[in-house]
Amino acid sequence: MAETKKLINHQRAEQILDREGLDGLIAVTPINFYYLSGYWGLYYTPVGFEGIYFAIVPKHQASQPAMVMPALELRRLETKGRSWISDVYAYSSDGEGDYFEDGLPRGVDYDSWPVSDFEELNDLESKWKKIIDDFKDNFTENSIQALIRGIKSSGLEKKKVATDDLRIEQWLKNESGIEIECEFRPDLFNEIRLVKTENEIEILKQAALINERSLLSAIDFMFEGARWDEIENHYMSEMAKQGGRGVYLLCGVGDLPNEVCRKNEPIMFDALGQYRRYHGDFGRCAVIDKPNSVQVERHQAIVEGWAIAQQYLTPGTAYSDISNEVGDYIRGLGFENFRNPVVHSLGLEHTDDPKLIGPQPGVKPDQILEANMVINVDMPFTEIGWGSVHMEDTVVITDDGFERLSEADFGLQISR
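Going by numbering that gives the first Met the number 0, the sequence shown opens with residue 0, and the numbers climb by one from there.
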């Protein structure tokens, strides 16, 4: 039986939960459910349906985690790979008045699809049949009752847990049969996710390379008179060909100022794409035909700025130190309007850092680099009326420095 790789940094989670006086995690948002379980629910894809999934992970690794999912999706576990969480609670709909031993009502058995009685089943089809048979008489009526059963099996009843959705506490209060204290702490999920596991870094390396290749292909595709949506569609297609999904391809403030690409116009390319839900974030600057002298000078300045950044990419350095040092250096070269670069964690979100609730996207507390953090140094610049330059790369912080996840050189990209 295939099993998806464990993503969660459980040791870090235990340390942070212990510091906060919490006993476990309950996640319902797609990103955090995926992070805890390693499984991406079918109904997270916008298909006009709504399904609820929960992951319940106790603080101590020796304790039993649990997950909750819709009954009709059980077969997909065999197709996509079972989660490392083996304790699964599936919910269907109202039953016929029967109860489990713990007093919770039993849901109706999932009716599934019929199985042929004259064709031999292949290995996967046999697994589909078996998983439905295994769950017979074990469905709850709804997702909250399934969550209650998962909480009890995980030893978190009468304990205090961090949740990523304010509604969880009220949902549980509306159902009888459970005592648990919920603390809404979405910031803790991000804090745990800051330091990546080896499995995550492996995925992020692939995300970086797929995204990088797709952006460079989009630059090669660029031509005089091209609309930005044509270039972005090319990027999206290249991402899909390599097993990824494009999120966006940006060219600066408000898209192209002249609606189409023009010769000798400085253009920035900033690509955000996903591979297995983890992000690649990569940026370069480009031009059709020949760059003008100002673009050459400004591009060289940010290349030198990247060299300065490398000196600070080591454990113990603050994001703000990198940003200030690079910004001051580039402005010292005569690029007076350059703004400090943005340093951010990268992972299941573009900005994978703990965030404040309220400010616009990208506003976040400062962080100190630790080994196995994956971060981006993001150096865009747009001057309205002139154009844009950009440089952005992804690195993983090591015990004594960093390793690039990208491979492309830092040259000014020229499309003929």
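C-beta atoms are modelled at their ideal positions from N, C-alpha and C, and glycine is treated no differently.
(Q) Tell me which residue opens and which closes the beta strand (DSSP E) that residue 375 is part of. (A) In the sequence shown, residue 375 corresponds to position 376, counting from 1. Where residue 375 is concerned, the enclosing beta strand (DSSP E) stretches over 373–377.
Q) For the 8 Å Cβ check, are there 3 or more pairs between the region 382–395 and the region 276–284? A) Yes, since at least three Cβ pairs between the region 382–395 and the region 276–284 fall closer than 8 Å, the two stretches touch.
Q) Do residue 316 and the ligand ADP come close, with the Cβ less than 8 Å from some heavy atom? A) No copy of the ligand ADP appears in this structure; indeed no ligand is present at all.
Q) Would you call residue 0 buried or exposed, if buried means 16 or more other Cβ atoms sit within 10 Å of its Cβ? A) As a working note, residue 0 is residue 1 in the sequence shown. Per-residue confidence for residue 0 stands at a pLDDT of 42, beneath the threshold of 50, marking its modelled position as unreliable; no derived number is given.
Q.
On a Cα-Cα basis, can you pick out the residue from 345, 261, 375, 272 that is closest to residue 386?
A. For this step, residue 386 is matched to residue 387 along the sequence shown. Checked all of 345, 261, 375, 272; the closest Cα to residue 386 is 261.
Q. For residue 62, which residues of its own chain have a beta-carbon under 7 Å away from its beta-carbon, when the five flanking residues on both sides are left out?
A. In the sequence shown, the residue the question calls residue 62 occupies position 63. Shown here for residue 62: same chain residues with a beta carbon closer than 7 Å to its own, the five before and five after excluded, namely 153, 154 in chain order.
(Q) Using only the alpha-carbon positions, how far apart do residue 243 and residue 233 sit? (A) For the purposes of this step, residue 243 is taken as residue 244 along the sequence shown, with counting starting at 1. For the purposes of this step, residue 233 is taken as residue 234 along the sequence shown, with counting starting at 1. Roughly 13 Å separates the two Cα atoms.
**Q.** Separation of residue 324 from residue 303, as counted between CA atoms
**A.** Within the sequence shown, residue 303 is the residue found at index 304, counting from 1. Within the sequence shown, residue 324 is the residue found at index 325, counting from 1. One C-alpha to the other measures close to 12 Å.
Q: Scan the region 33–73 and note each continuous beta strand (DSSP E) run of 3 residues or more that stays entirely inside, going in chain order.
A: 53–57, 65–69, all fully within the region 33–73.
Q. In the DSSP assignment, what residue or residues form a beta bridge with residue 410?
A. By one-based count along the sequence shown, residue 410 stands at place 411. Paired residues: none, contrary to the question.
Q. Where does residue 394 land, buried or exposed, given buried means 16+ other C-beta within 10 angstroms?
A. Numbered from its first residue, the sequence shown carries residue 394 at position 395. The residue in question, residue 394, is buried, as its Cβ has 16 or more Cβ neighbours within 10 Å.
Q) What residue does the beta strand (DSSP E) around residue 159 start on, and which one ends it? A) Here residue 159 is taken as the residue at index 160 of the sequence shown, counted from 1. That run of the beta strand (DSSP E) goes 159–162.
Q.
For residue 130 and residue 150, which I take to be in contact (beta-carbon distance under 8 Å), what is that distance rounded to the nearest angstrom?
A. For this step, residue 130 is matched to residue 131 along the sequence shown. For this step, residue 150 is matched to residue 151 along the sequence shown. That belief does not hold up - the Cβ atoms of residue 130 and residue 150 are roughly 23 Å apart, past 8 Å.
**Q.** Three-pair Cβ contact test at 8 Å for the region 353–361 versus the region 183–200
**A.** At 8 Å Cβ cutoff, the stretches touch.
Q. In chain order, what residues of the same chain have a beta carbon less than 6 Å from the beta carbon of residue 143, not counting five sequence neighbours either side?
A. Against the sequence shown, residue 143 aligns to sequence position 144. So the qualifying residues of the chain are 170, 174.
**Q.** Span separating the alpha-carbon of residue 300 from that of residue 194
**A.** Within the sequence shown, residue 300 is the residue found at index 301, counting from 1. Within the sequence shown, residue 194 is the residue found at index 195, counting from 1. The straight-line gap from Cα to Cα measures roughly 31 Å.
Q: Name the residue from 290, 270, 223 whose alpha carbon lies nearest to the alpha carbon of residue 209.
A: Numbered from 1 along the sequence shown, position 210 holds the residue referred to as residue 209. Here the closest residue by C-alpha is 270.
Q.
For the region 312–332 against the region 366–384, do three or more pairs of beta-carbon atoms, one drawn from each stretch, fall closer than 8 Å, so that the two count as touching?
A. yes
(Q) Just to confirm, is the Cβ distance from residue 94 to residue 138 under 9 Å? (A) Within the sequence shown, the letter at position 95 stands for residue 94. Within the sequence shown, the letter at position 139 stands for residue 138. Yes, Cβ-Cβ distance for residue 94 and residue 138 is below 9 Å.
Q | Local Cβ density within 10 Å of residue 310, reported as buried at 16 or more and exposed below that | A | Here residue 310 is taken as the residue at index 311 of the sequence shown, counted from 1. Under this definition residue 310 is an exposed residue.
Q) Going by beta carbon distance, what residues of the same chain come within less than 7 Å of residue 189, once the five residues before and after it are set aside? A) The sequence position of residue 189 within the sequence shown is 190, counting from 1. Counting only Cβ-Cβ distances below 7 Å, and skipping sequence neighbours, we find 351, 352, 353, 354.
(Q) Quick check on DSSP: helix, strand or coil for residue 0? (A) Residue numbering aside, residue 0 sits at position 1 when the sequence shown is read from its first letter. The predicted model places residue 0 with a pLDDT of 42, which falls under 50 and marks its position as unreliable, so this point remains unresolved.
Q: Tell me, to the nearest whole angstrom, how far the beta carbon of residue 108 is from that of residue 136; I am working on the premise that it is less than 8 Å.
A: Position 109 of the sequence shown, counting from 1, holds the residue named residue 108. Position 137 of the sequence shown, counting from 1, holds the residue named residue 136. By a beta-carbon distance limit of 8 Å, residue 108 contacts residue 136. Their separation comes to about 7 Å.
Q) Using a Cβ-Cβ cut-off of 6 Å (strictly less than) and excluding sequence neighbours within five positions of residue 157, which residues of its own chain qualify? A) As a working note, residue 157 is residue 158 in the sequence shown. 178, listed in sequence order.
Q: Assess, as a yes-or-no matter, whether the region 53–67 is touched by the region 111–130 under the definition of 3 or more beta carbon pairs within less than 8 Å.
A: The region 111–130 is not in contact with the region 53–67.
Q: Output the distance between the C-alpha atoms of residue 99 and residue 165, rounded to the nearest integer angstrom.
A: By 1-based counting over the sequence shown, the position of residue 99 is 100. By 1-based counting over the sequence shown, the position of residue 165 is 166. About 28 Å.
Q: Please name the residue in 191, 272, 225 whose C-alpha comes closest to that of residue 214.
A: Counting from 1 along the sequence shown, the entry for residue 214 is found at position 215. Nearest option by C-alpha distance: 272.
Q) Got a sec? Which residues, its chain only, sit under 8 Å from residue 343 by beta carbon, not counting five neighbours each side? A) As a position in the sequence shown, residue 343 is number 344, starting the count at 1. The residues are 318, 349, 350, 351, 352, 361, 363, 374, 375, 377.
Q) Using a Cβ-Cβ distance under 9 Å, would residue 351 count as near chain B? A) Within the model displayed, chain B is absent; a lone protein chain is all it includes.
Q | Range covered by the beta strand (DSSP E) that runs through residue 417 | A | Since the displayed the chain opens at 0 and closes at 415, residue 417 lies outside it and no answer follows.
Q: Look at the Cβ atom of residue 196, then the Cβ atom of residue 347, and state whether they are nearer than 9 Å.
A: As a first step, residue 196 is located in the sequence shown; it is residue number 197 there, counting from the start. As a first step, residue 347 is located in the sequence shown; it is residue number 348 there, counting from the start. In this structure, residue 347 does not lie closer than 9 Å to residue 196 by Cβ.
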